[in-house]
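Asker: Going line by line, the protein sequences match chains A and B.
So the first sequence is numbered by my numbering: it starts at 35 and just counts up by one.
So the second sequence is numbered by my numbering: it starts at 163 and just counts up by one.
Positions of the beta carbon are idealized from the N, C-alpha and C atoms, including for glycine.
Please read all numbers here as calculations on a predicted model, not as lab measurements.
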Amino acid sequence: KAGVTQTPRYLIKTRGQQVTLSCSPISGHRSVSWYQQTPGQGLQFLFEYFSETQRNKGNFPGRFSGRQFSNSRSEMNVSTLELGDSALYLCASSFQGRGEKLFFGSGTQLSVL
Amino acid sequence: DAKTTQPPSMDCAEGRAANLPCNHSTISGNEYVYWYRQIHSQGPQYIIHGLKNNETNEMASLIITEDRKSSTLILPHATLRDTAVYYCIGTAGGTSYGKLTFGQGTILTVHP
Numbered sequence: 035k036a037g038v039t040q041t042p043r044y045l046i047k048t049r050g051q052q053v054t055l056s057c058s059p060i061s062g063h064r065s066v067s068w069y070q071q072t073p074g075q076g077l078q079f080l081f082e083y084f085s086e087t088q089r090n091k092g093n094f095p096g097r098f099s100g101r102q103f104s105n106s107r108s109e110m111n112v113s114t115l116e117l118g119d120s121a122l123y124l125c126a127s128s129f130q131g132r133g134e135k136l137f138f139g140s141g142t143q144l145s146v147l
Numbered sequence: 163d164a165k166t167t168q169p170p171s172m173d174c175a176e177g178r179a180a181n182l183p184c185n186h187s188t189i190s191g192n193e194y195v196y197w198y199r200q201i202h203s204q205g206p207q208y209i210i211h212g213l214k215n216n217e218t219n220e221m222a223s224l225i226i227t228e229d230r231k232s233s234t235l236i237l238p239h240a241t242l243r244d245t246a247v248y249y250c251i252g253t254a255g256g257t258s259y260g261k262l263t264f265g266q267g268t269i270l271t272v273h274p
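1) Quick one: what does DSSP say Gly100 (chain A) is sitting in, helix, strand or coil?
2) Taking only beta carbons into account, state which residues of the segment 73 to 87 of chain A come closer than 9 angstroms to chain B, listed in chain order.
3) Let me check understanding here. Comparing Cα to Cα, which of B:His239, B:Asn215, B:Ser223 lies closest to Asp229 (chain B)?
4) Thinking C-beta only, is Val146 (chain A) closer than 8 angstroms to Thr48 (chain A)?
5) For the beta strand (DSSP E) containing Lys47 (chain A), list its first residue and its last residue.
6) Is the Cβ-Cβ distance between Gly139 (chain A) and Thr39 (chain A) less than 8 angstroms?
7) Given a threshold of 16 other Cβ atoms within 10 Å of its Cβ, counted over all protein chains shown, does Lys35 (chain A) qualify as buried or as exposed?
8) What are the boundary residues of the beta strand (DSSP E) that includes Glu109 (chain A)?
9) Is DSSP giving Asp173 (chain B) helix, strand or coil here?
10) If Tyr259 (chain B) sits next to Arg107 (chain A), beta carbons under 8 angstroms apart, how far is it from one beta carbon to the other, in whole angstroms?
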């Protein structure tokens, strides 16, 4: 069974640009959540999607958005990139997103110059 | 989610048991204790979880005190590949909707 797949693995952008990251969950998993990891703030929850609906959201500005497709694949978008958005972005999937264990991808390392 | 406290770092000799403590004195009755670990540059990996009984799986054992205010993750025979950051997380589950609150974790270094 394939794991959670995130693309691309590395990304370099400049300030002001926008970026879209992709996540393919484990087959059968309908919940996809996104996390940001930085050396200073650690792992922080961004948002979660289930059946194409956002059910939960962390404390991030509106520049961070996401969506989920009918096949449960998810994308997250960051607009008007800032230097502080440089981070490892992780996606995790689970069957229902109701407390069962999460399966994480290897992440997308975003560098904003 | 319950606030958890873990030591910032620990060392362990290869082949010996690694015992990682976690304090969660504010945990509520319906919150589970989950352990994840993160090896450098990879996503976190689920290890084990429990509510009030001790649990064991192929990776580790979880000992939860009777009052549920603390727990210990035990890696019975640590190897160099167990070097990672270990996170202890308390979560209510049903309404978590994909959210885990990660603390700073414990950096476990296994040395030869």
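Answerer: With the structure as the only source:
1) Against the first sequence, residue 100 (chain A) aligns to sequence position 66. Of the three classes helix, strand and coil, the one that applies to Gly100 (chain A) here is strand, per DSSP.
2) Gly76, Leu77, Gln78, Phe79, Phe81, Glu82, Tyr83, Phe84
3) Along the second sequence, read from residue 1 onward, the residue named residue 229 (chain B) stands at position 67. Selected option, being the one with the closest Cα: B:Asn215.
4) Residue mapping note: residue 48 (chain A) aligns to position 14 of the first sequence, counting from 1. Residue mapping note: residue 146 (chain A) aligns to position 112 of the first sequence, counting from 1. The answer is yes: Cβ separation under 8 angstroms.
5) As a working mapping, residue 47 (chain A) is identified with position 13 in the first sequence. 44 to 47 is the span of the beta strand (DSSP E), which, as asked, contains Lys47 (chain A).
6) On the first sequence, position 105 is the one that residue 139 (chain A) refers to. On the first sequence, position 5 is the one that residue 39 (chain A) refers to. Yes.
7) Counting from one through the first sequence, the residue named residue 35 (chain A) turns up at place 1. So Lys35 (chain A) counts as exposed.
8) Sequence index remark: in the first sequence, residue 109 (chain A) carries index 75 (1-based). Run containing Glu109 (chain A): 108 to 112, per the beta strand (DSSP E) assignment.
9) Locating residue 173 (chain B) in the second sequence gives position 11, counting from the first residue. Here Asp173 (chain B) sits in strand by DSSP.
10) Within the second sequence, the letter at position 97 stands for residue 259 (chain B). Within the first sequence, the letter at position 73 stands for residue 107 (chain A). Wrong, their Cβ atoms sit about 18 angstroms apart, outside the cutoff.
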